[in-house]
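Asker: Have a look at this one.
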Amino acid sequence: MRALDILYIEDNPDNMRLVQRALGAKGYTVHAATNGLDGLKKADALEPDIILLDINLPDIDGYEVARRLRQSENPSLHYVPIIAITANALKGDADKALAAGCDVYMAKPINVRELWARVEAFAPDTEA
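Convert by adding 12 to the 1-based position in the sequence shown; the result is the number in the working numbering.
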């Protein structure tokens, strides 16, 4: 399996460090964006294999980021797996994330083993 390029859109530096360490230990490269608009720009430029997306961002929320990714002029972003990672754990939040275009919903605090499993589920099986 090849190393993955992952974009993590997250405004909390502690969460960013945790995910970068956890996924870096598996050999994945994690690119950081600290708000939704920056995340959209980086997604377009990087064309990552997977996007990890916080829902509560300081500019536009993660739901809007997911919708814009799915409607992007860059067709490679229409199908990139999006994993929502959020503190929103109210009834209906998971459904709202999935309806916006996210593929998976994970609640914080982040469980590293679950994160590894979720990311690896989207990893291509072939060498690139």
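Built from N, CA and C at the ideal position, the CB exists for glycine as well. Just so we're clear, the structure is a prediction, and the values are computed from it rather than from any experiment.
(1) Buried or exposed: Y91, going by 16 or more other Cβ atoms within 10 Å of its Cβ?
(2) With a CB to CB cut of under 7 Å and the five nearest residues on each side skipped, what residues in its chain are close to R7?
(3) Would N100 be called buried (16 or more neighbouring beta carbons within 10 Å of its own) or exposed?
(4) Is there at least one non-hydrogen atom of the ligand GDP closer than 7 Å to the beta-carbon of R33?
(5) Helix, strand or coil for L202 per DSSP?
(6) Please confirm whether I67 and A109 have their CB atoms less than 8 Å apart.
(7) Nearest by alpha-carbon distance to R125: which of A135, K53 and L35 is it?
(8) Over the uninterrupted beta strand (DSSP E) stretch that includes L64, give me the two end residues.
(9) Under the assumption that L69 contacts D115 (Cβ atoms under 8 Å), give the Cβ distance between them as a whole number of angstroms.
Answerer: Reading from the atomic positions:
(1) exposed
(2) Shown here, the chain extends from 13 to 140; a query on residue 7 therefore has no answer.
(3) Buried, by the Cβ-count rule.
(4) Among the components modelled here there is no ligand, and therefore nothing to report on the ligand GDP.
(5) Nothing about residue 202 can be reported from this structure: the residues present for the chain run from 13 to 140 only.
(6) yes
(7) Per the Cα distances, L35.
(8) I62 to L65
(9) Not quite, the Cβ-Cβ distance comes to about 18 Å (not below 8 Å), so this is no contact.
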